[in-house]
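Engineer: Sending over a structure as structure tokens; questions will come in a sec.
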Amino acid sequence: MDKRPGSFYKILGVSSASNAKQIRRGYRKAAGRWHPDKWQHEGGESLARAEAEFRRVSAAYEVLGNPSQRRAYDSDPARFEASL
0 MDKRPGSFYK ILGVSSASNA KQIRRGYRKA AGRWHPDKWQ HEGGESLARA
50 EAEFRRVSAA YEVLGNPSQR RAYDSDPARF EASL
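Next comes the structure, spelled out in structure tokens:
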């Protein structure tokens, strides 16, 4: 697994060698953990953190779930990670 703090692979909990099915599984697991609906009862800072993490998870999957964007990400991850 990529150890860079903002790595899209790390955000989804998968390695850079993962296939599409593993990336989708990582996304579903991370999205389930951080989905804001699960944090509604917490409110305040916890809900705000969950919303921010869910946006990061969604952004990571949007890139890694698309083969051409994933290739571009693998070539220059900093260009994508800077947007987080």
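All residue numbers in the sequence shown are consecutive under numbering that gives the first Met the number 0, ending with 83. The beta-carbon is built from N, C-alpha and C at its ideal position, and this holds for glycine as well.
1. With a CB to CB cut of under 8 angstroms and the five nearest residues on each side skipped, what residues in its chain are close to P4?
2. Which whole-angstrom value is the C-beta distance of L46 and F7, which I expect to be below 8 angstroms?
3. Is the beta carbon of A29 less than 8 angstroms from the beta carbon of I10?
4. Our contact map puts W38 next to A49 with C-beta atoms below 8 angstroms; I'd like the distance itself, whole angstroms only.
5. Please state whether DSSP places V56 in a helix, a strand or coil.
Structural biologist: On the basis of the coordinates in this document:
1. Mapped onto the sequence shown, residue 4 falls at position 5. Low confidence applies to P4: its pLDDT is 49, below 50, so where it sits in the model is not reliable enough to give any reading.
2. Here the question's residue 46 lines up with position 47 in the sequence shown. Here the question's residue 7 lines up with position 8 in the sequence shown. The C-beta separation of L46 from F7 comes to about 24 angstroms, leaving the pair out of contact by the 8 angstroms criterion.
3. Along the sequence shown, read from residue 1 onward, the residue named residue 29 stands at position 30. Along the sequence shown, read from residue 1 onward, the residue named residue 10 stands at position 11. Yes, the Cβ-Cβ distance between A29 and I10 is below 8 angstroms.
4. For this step, residue 38 is matched to residue 39 along the sequence shown. For this step, residue 49 is matched to residue 50 along the sequence shown. Right, the Cβ-Cβ distance comes to about 4 angstroms (below 8 angstroms), so this counts as a contact.
5. Counting from one through the sequence shown, the residue named residue 56 turns up at place 57. Helix, per DSSP.
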